[in-house]
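This report refers to the structure that appears directly beneath it.
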Amino acid sequence: MMIRIPNLLSPEQVAHVRGVLAGTDWVDGKVTAGAQSAQAKHNLQVPESVPAARALGEIILTALGQNERFTSAALAKRVFPPLFNRYDAGMSFDTHIDNSIRFVKGTNIRVRTDISATLFLTDPEEYDGGELVVEDTFGTHEVKLPAGDLVIYSATSRHNVTPVTRGSRWASFFWIQSMIRDEAARAMLFDLDEAIQSLRGKLGDSDELVTLTGLYHNLVRRWAEA
Ligand code: NI
Numbered sequence: 148m149m150i151r152i153p154n155l156l157s158p159e160q161v162a163h164v165r166g167v168l169a170g171t172d173w174v175d176g177k178v179t180a181g182a183q184s185a186q187a188k189h190n191l192q193v194p195e196s197v198p199a200a201r202a203l204g205e206i207i208l209t210a211l212g213q214n215e216r217f218t219s220a221a222l223a224k225r226v227f228p229p230l231f232n233r234y235d236a237g238m239s240f241d242t243h244i245d246n247s248i249r250f251v252k253g254t255n256i257r258v259r260t261d262i263s264a265t266l267f268l269t270d271p272e273e274y275d276g277g278e279l280v281v282e283d284t285f286g287t288h289e290v291k292l293p294a295g296d297l298v299i300y301s302a303t304s305r306h307n308v309t310p311v312t313r314g315s316r317w318a319s320f321f322w323i324q325s326m327i328r329d330e331a332a333r334a335m336l337f338d339l340d341e342a343i344q345s346l347r348g349k350l351g352d353s354d355e356l357v358t359l360t361g362l363y364h365n366l367v368r369r370w371a372e373a
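Here the sequence shown is numbered in the working numbering, starting from 148 and rising by one per residue.
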């Protein structure tokens with residue numbers, strides 16, 4: 148399951164985020180990597196404790212909360228505070244799988260990483276290379292989206308970021324613990340919700356749509372860890 152969420156951030160928000168990031172400290176991205184991924188990871192990152200980055204993370208969390216497509220696709224229970232990374236020319240992240248459990252720094256909060264998220268903060272014209280490559284049961288998918296767009300994909304997927312050969316690729320990345328742990332169930336609920344919304348748009352409300360909407364919610368009630 149890989150889902151694109153276009154325009155999560157407006158161009159103005161992207162400009163604001165980039166302006167703040169330009170003035171912060173960047174450190175080696177290995178600070179948040181596990182043992183295997185530390186070997187694979189060659190990029191720069193803003194430390195989790197930087198207050199300015201926390202404030203930018205709040206902008207992203209607010210945008211997620213207001214985005215219907217994200218809400219339906221992720222059915223989020225917890226979202227890890229967004230982190231920020233940067234790949235300059237020569238930097239890459241070789242194939243790895245994200246850690247399963249992450250602690251929010253300075254708290255006892257644990258997030259089971261069901262879904263991985265990348266929010267693009269630079270446009271594709273600004274750099275060469277730097278594709279996010281995700282392997283799933285249907286094959287290999289390359290992703291490179293306009294600034295402000297988000298992609299979410301199963302955190303069980305092997306993935307990598309190809310070397311940047313020109314310019315610089317900036318992004319925010321984070322993880323989501325879903326109320327629906329099972330990926331197949333989550334994907335079915337997303338399809339069902341999309342179909343119901345589309346039908347409502349075409350036909351207006353009807354008795355059958357009330358039943359379908361009820362079925363959707365009854366399945367969420369049955370499956371969710373709220
Ligand atoms: Ni990763």
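Here a beta-carbon is modelled for each residue, glycine too, at the ideal position from N, C-alpha and C.
Minimum C-alpha distance to Gly-181 - residue among Ala-162, Asp-245, Asn-232:
Asp-245
Quick one: does the C-beta of Asp-175 sit closer than 7 Å to a heavy atom of ligand 1?
no
Rounded distance between the beta-carbons of Val-311 and Asp-235, thought under 8 Å
6 Å
Quick one, are the C-beta atoms of Val-251 and Pro-229 less than 8 Å apart?
no
In terms of alpha-carbon separation, which member of Lys-349, Arg-333, Gly-170 lies closest to Asp-261?
Arg-333
Inter-residue Cα distance where the pair is His-288 and Val-298
12 Å
Run the proximity test for Asp-245: is its beta-carbon closer than 7 Å to any non-hydrogen atom belonging to ligand 1?
yes
For Asp-175, tell me which candidate among Ile-256, Asn-214, His-189, Thr-284 has the shortest Cα-Cα distance.
His-189
Determine whether the beta carbon atoms of Ile-152 and Asp-296 lie at a separation below 8 Å.
yes
Output yes or no for whether 8 Å exceeds the beta carbon distance between Ala-318 and Leu-350.
no
Is any non-hydrogen atom of ligand 1 found closer than 7 Å to the C-beta of Ser-319, if you look at the structure I gave you?
no
Would you identify the three-state DSSP class for Trp-317, choosing helix, strand or coil?
strand
If Val-281 and His-243 are in contact, beta carbons under 8 Å, what's the gap, nearest whole angstrom?
Actually they are not in contact, since the Cβ atoms of Val-281 and His-243 sit about 12 Å apart, beyond 8 Å.
Continuous beta strand (DSSP E) stretch holding Lys-224: start and end:
223–226
Output the boundary residues of the beta strand (DSSP E) element that contains Ile-327.
Looking at the DSSP string, Ile-327 is not in any beta strand (DSSP E), and its letter there is neither H nor E.
Looking at C-alpha atoms only, which residue of Leu-222, Glu-278, Ser-301 is the closest neighbour of Ser-247?
Ser-301
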